[in-house]
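Each step along the sequence shown adds one to the number in the UniProt record's numbering, with nothing skipped, and position 129 is 129.
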Amino acid sequence: MSDEPQRLTLNNSSGEEKTVTFLWHGEPIDLELSRHNPVIFDAVETWEGGDMGVSFGIEETSRKIIVTTSKRLSVHVGDTLEAVDGQEVTETTFPEIMQAATATASPDRPVLIEISPPPPPVNVKSCGDALQQRGVTQTFELQMVAGHPVQYLTMKVINELLELSPRPCELVFIKRRENPLVQRLQHQVSLQHQAYQGSRVMQRVRGEKDDTQAMRAIVPSVGYEMSRTFLLTSVVSGCCTVS
């Protein structure tokens, strides 16, 4: 495994789902977005040296460290690397932390790798006629804003991205393959099963982190004047609205 993660873009589209691309000029579209925010089970894997069986990459938009391949049953492509031996992992700290972990990992001194599942999708809660006429319904999720995948962004940053992206702004929606809540519960059950098989599992409620740096990387322009034809409300309970 390389200590330098590759750059990549991950999204939840296989290319077979129905997608809708909408060019938004700032007109009212009455789009309300929401994201389910369940209790997440973070798996703590042990690494005793040698081949970890997992490779990582940097997700393009959020800059999070994401699993790209995995030979471990309890670690899946798209999962996020959160911490190594209690040290939070970022794009900047990843090489140094992994180099140190590689040097110390052994059966006598296993390294603890904390992994979290992918964030829930950003669902369309409601939308206006303009989007409905293009086929967007409550069965869709928002996939991209102005060319940036949004899956790993917080609702706060998505709200800011919608607000600050220059017009016209391309919005990409994808039809969900199945109920995201069911997928989430299935993932949690899988992690619990791994716990019974001997994996160390830690339960905690993970709140969304401050993604200010990620937002600066996405929208470097300063002083963009908001159009007066739309309003973005503050994020409350994992929702944002474009009216």
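Quick reminder that beta carbons are idealized off the backbone N, C-alpha and C, glycines included. None of the values given here were measured: they were computed from a predicted structure.
- Counting only residues of its own chain and dropping the five nearest sequence neighbours on each side, Val20 has a CB closer than 6 angstroms to the CB of Arg134, Gly135, Val136, Phe173.
- When the beta-carbon positions are compared, Val75 and Val84 stay at least 8 angstroms from each other.
- At the C-beta level, Val157 and Leu142 stay beyond 8 angstroms of one another.
- In the structure shown, Gln138 falls within a coil segment according to DSSP collapsed to helix, strand and coil.
- In the three-state reduction of the DSSP assignment, Pro149 falls in the strand class, which pools E and B.
- Considered as a whole, the region 96-131 harbours 111-116, 122-126 as its complete beta strand (DSSP E) runs of no fewer than 3 residues, in chain order.
- Less than 8 angstroms divides the Cβ of Pro168 from the Cβ of Leu23.
- Considering only Arg109, Leu161, Pro118, Thr46, the residue with the shortest C-alpha distance to Asn37 is Pro118.
- A straight-line Cα-Cα distance of about 13 angstroms links Thr102 and Val54.
- Counting of Cβ neighbours within 10 angstroms places Ser34 among the buried residues, the total reaching 16 or more.
- CA-to-CA, the gap between Glu114 and Asp129 works out to about 44 angstroms.
- For Val172, DSSP records a beta bridge to Thr21, Met144.
- Our two residues, Arg177 and Asp51, have alpha carbons roughly 34 angstroms apart in a direct line.
- In this structure, the straight-line span from the alpha carbon of Ile29 to that of Arg63 is close to 29 angstroms.
- Residue burial annotation: His25 is exposed, with fewer than 16 other C-beta atoms found within 10 angstroms of its C-beta.
- Under a 10 Å Cβ-count criterion, Thr93 is classified as exposed, with fewer than 16 other Cβ atoms of the shown protein chains found around its own Cβ.
- Annotation for Glu82: no alpha helix (DSSP H) segment contains it, though the beta strand (DSSP E) segment containing it runs 80-84.
- If you look at Glu32, you'll find it in the beta strand (DSSP E) that goes 31-34.
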